[in-house]
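Data first, discussion second: the structure below is written as structure tokens.
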Amino acid sequence: MKPKLIIAAILLIALSTMGFQCINDGFEITLNLDPFNGCFFVNAGTSHDFSGDPVRIDSKTLYDNSYELTGVGVYDIQVQTMGTDLGAITNGVVYVWIEGSPVPPDTLATYAGNWSDFTTPRSILTSPTLVKVKSAGITRLVQAVMAKQVVVLRGQGHVQTIPPTSRESQVCVKAFAQAVGTP
Amino acid sequence: MNVVRTCCRLAMAVLFAAAILFPVGNAQAGDPTLEKVLAQFNSDAAKGYFQPFADFVGANMNAGFFHSAAIPTTGFHIALDIVAMGSSVGDDAKSYTVKAPQGFSPAEFSTATMFGGKATVISDATNPSIQYRGISDGIFNTTLFPLATPQLRVGSLFGTEAVIRYVPIPETNGIPKSTMFTIGARHNVNQYLPDVPLDLAAGIFYSKYTSGDLIDASGFAFGVQASKSFEMLTVYGGLESESSKMNLKYVDTPGAPPTVDINLDGVNSFRFTVGAGVSLGVFGFFADANFGSVTNFSGGISFGN
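First to last, the sequence lines map onto chains A and B.
Take 102 as the starting number for the first sequence in my numbering and just add one per residue.
Take 5 as the starting number for the second sequence in my numbering and just add one per residue.
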């Protein structure tokens, strides 16, 4: 009886352990970061050009800092207009740089079209004729997140119509990113 | 903090479920990995990631109910089985197709499930600097997803025996109280078909696994079984219709809608079982293979009459 009991136990153990190697090594989770969000007012005055105030974004606030990041990727950039219709927009540019860095800003994206084209968010993915991405800006953004630095965004451009009042019409930019991290 | 705690509870519950389903090698039960994973699982993409887990849990819960179709028509009999079962983790369970963000090219791609390898990273065909990554790397590296449970069979009343499984696990270390149980019945069919040279039985089973209010899985199965005994050896088989479902849920704030609420249906709806057992008086052992959408193996030891 005893050998048969042992055989039965071995069979049971074999069934429950066959091929099982538990948790994957180097397991990494994809983190959906809160978007980088910046809005830039087009103010009243005499100039058709606008250049909004820089927006500071601490990249560490966009995800759970207990992760050790191993990679970052940007998967979309969207531009949206809000407020009074200011006609055609030309030479729209979104710059990105790292706060305190001596390296000059890089272009993250460019945009052009009618103000009304952007009343719903326009994406580099679905509206490539309106919004275009620049890889140098992407690289800079990725570097900033990896280094847990403060990112600065600034939007500028040229509008057909100067708004009658300040701080009413604005161009907003969102950059969507994912990070790869280990807990 | 509450979010983190709740995510942790869900993660631990999933891990605990895995620990139950992995009778050995659960040294990672205290690993915080999964609590971080689950915080990301708030989209439809998570369904594909978890789907094989639900498939295998369902297939395992509905396995191992019998190892003979012979059921006495009268008299008291009782048997305790220790049953181990495992679902084969094939290549098709290691990846799934997920949609990329709207406008991305490619529009969809294949990436790792919970049982896969590294998550896939894709670059947009138009803007190669734009990248998107699957939800997570696979967690478990295994070719078999097992379960082990005690099973009590008691009869007979008009050729019917009850089948009961019950595994209560108290709350420990933040892991919610968990319970797995099965209630079922098997009925002797030979009493109506005395000329058939095989033992025949029919059975119906309901199983449930809960871990707090975070994981709720259930399975239902009914089928017919046949067996033939030759001295100590019994050859058996069966056809079973089955279903299973799993709900994964956590709530950030009490009273608020759940932020993660994933409902999954197990893929297995039918299985064909073939197996053999050896009986040595009150002791026996058995093993079988189950073929359906999920290939499953079960086996164990039995004490009783």
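Using N, Cα and C, we set each Cβ at its ideal position, and we do this for glycine too.
Just so it is clear, the structure is predicted and the values come from calculations on it, not from any experiment.
Buried or exposed: where does residue i fall if 16 or more other Cβ atoms within 10 Å of its Cβ makes it buried?
i                : result
Tyr164 (chain A) : buried
Glu235 (chain B) : exposed
Gly34 (chain B)  : Caution applies to Gly34 (chain B), whose pLDDT of 36 falls short of 50 and renders its modelled position unreliable; the model cannot decide the point.
Lys40 (chain B)  : For Lys40 (chain B), the predicted model reports a pLDDT of 49, less than 50, meaning its position is unreliable; a value from the coordinates is still stated below. Buried, by the Cβ-count rule.
Ser211 (chain B) : buried
Ile82 (chain B)  : exposed
Asn66 (chain B)  : buried
Leu19 (chain B)  : Residue placement at Leu19 (chain B) is poorly supported in this model, since its pLDDT is 45, which falls under 50; the coordinates still yield a value, given next. Looking at its Cβ environment, which holds 16 or more other Cβ atoms inside 10 Å, Leu19 (chain B) is buried.
Ala276 (chain A) : buried
Phe276 (chain B) : exposed
Tyr196 (chain B) : exposed
Val204 (chain A) : exposed
Ala213 (chain A) : buried
Pro110 (chain B) : exposed
Ala248 (chain A) : exposed
Lys235 (chain A) : buried
Ala278 (chain A) : buried
Phe307 (chain B) : exposed
Thr146 (chain B) : buried
Gln122 (chain A) : Caution is warranted here: a pLDDT of 49 is assigned to Gln122 (chain A), below 50, making its placement in the model unreliable, and no coordinate value can be reported.
Ile198 (chain B) : Ile is not the amino acid found at residue 198 (chain B); the sequence shown has Pro there. Exposed is the call here.
Asn192 (chain A) : exposed
Ser167 (chain A) : exposed
Note down, in chain order, every chain A residue with its Cβ under 8 Å from the Cβ of residue i.
i                : result
Ile139 (chain B) : Thr131
In chain A, which residues lie less than 7 Å from residue i when you measure between Cβ atoms?
i                : result
Gly142 (chain B) : Asn125
Thr130 (chain B) : Pro229
Asn294 (chain B) : Chain A residues near Asn294 (chain B): none, gap ~13 Å exceeds 7 Å.
Give me whichever residues DSSP pairs with residue i in a beta bridge.
i                : result
Arg42 (chain A)  : A question about residue 42 (chain A) goes unanswered here, because the residues of chain A that appear run from 102 up to 284.
His259 (chain A) : A:Asp150 and A:Thr191
Met118 (chain B) : DSSP lists no partner for Met118 (chain B).
Gln229 (chain B) : B:Ala205 and B:Gly242
Ser283 (chain B) : B:Gly288
Glu112 (chain B) : B:Lys103
Phe224 (chain B) : B:Tyr210 and B:Ser247
Val251 (chain A) : A:Asp159
Gln155 (chain B) : B:Asp85
Gly174 (chain A) : A:Gln279
Ser215 (chain B) : B:Ser182 and B:Ile219
Ser140 (chain B) : A:Ile130
Gly201 (chain A) : Looking at the DSSP assignment, Gly201 (chain A) forms no beta bridge with any residue, so it has no partner.
Thr266 (chain A) : According to DSSP, Thr266 (chain A) bridges with nothing at all.
Check for me: the beta strand (DSSP E) holding residue i runs from which residue to which?
i                : result
Thr147 (chain B) : No beta strand (DSSP E) contains Thr147 (chain B), which DSSP labels as neither H nor E.
Met247 (chain A) : Note, Met247 (chain A): premise wrong, no beta strand (DSSP E); alpha helix (DSSP H) at Ser236 to Met247.
Arg190 (chain B) : Ser182 to Asn192
Val156 (chain A) : Val156 to Asp159
Ala123 (chain B) : Taken as a continuous stretch (DSSP letters only), Ala123 (chain B) belongs to no beta strand (DSSP E), as it is neither H nor E.
Pro172 (chain B) : Thr164 to Ile173
His327 (chain B) : What the structure shows of chain B is the stretch from 5 to 309, and residue 327 (chain B) is not part of that stretch, so it cannot be assessed.
Ala97 (chain B)  : Ala97 (chain B) -> no beta strand (DSSP E), and no H or E assigned at all.
Asp207 (chain A) : Asp207 to Asn215
Ala73 (chain B)  : Where Ala73 (chain B) is concerned, there is no enclosing beta strand (DSSP E), given that its DSSP letter is neither H nor E.
Leu268 (chain B) : Val264 to Asp269
Gly282 (chain A) : Ser270 to Thr283
Tyr136 (chain B) : Gln135 to Arg137
Thr131 (chain A) : Ile130 to Asn133
Gly303 (chain B) : Asn300 to Gly308
Val143 (chain A) : Phe137 to Val143
Which chain B residues sit within Cβ distance under 8 Å of residue i?
i                : result
Val175 (chain A) : Ser133, Ile134 and Gln135
Ends of the alpha helix (DSSP H) at residue i?
i                : result
Val200 (chain B) : Neither: Val200 (chain B) is in no alpha helix (DSSP H) and is coded neither H nor E.
Asp59 (chain B)  : Ala49 to Met65
List the residues of chain B whose Cβ lies closer than 9 Å to the Cβ of residue i, in chain order.
i                : result
Ser224 (chain A) : Pro105, Gln106 and Gly107
At 9 Å on the CB atoms, spell out the chain A contacts of residue i, in chain order.
i                : result
Ala67 (chain B)  : Those do not exist, as Ala67 (chain B) stays about 11 Å from chain A at its closest Cβ, beyond 9 Å.
Ala310 (chain B) : Residue 310 (chain B) is absent from the structure shown; chain B starts at 5 and stops at 309.
List, in chain order, every chain B residue whose beta-carbon is nearer than 7 Å to that of residue i.
i                : result
Val281 (chain A) : Arg137
- Message: By the 7 Å beta-carbon criterion, what residues does the segment 104-117 of chain B contribute toward chain A?
- Response: Cβ proximity to chain A below 7 Å picks out Pro105, Gln106, Gly107 and Phe108 from the segment 104-117 of chain B.
- Quick one, which residues of the segment 228-244 of chain A are near chain B if we go by CB-CB under 7 Å, in chain order? Cβ contacts with chain B: Pro229, Val234, Ser236 and Ile239.
- Task: With 8 Å as the C-beta to C-beta threshold (strictly closer), list the residues of the segment 191-206 of chain A near chain B in chain order.
- Result: If the cut-off is 8 Å between Cβ atoms, the segment 191-206 of chain A has nothing near chain B.
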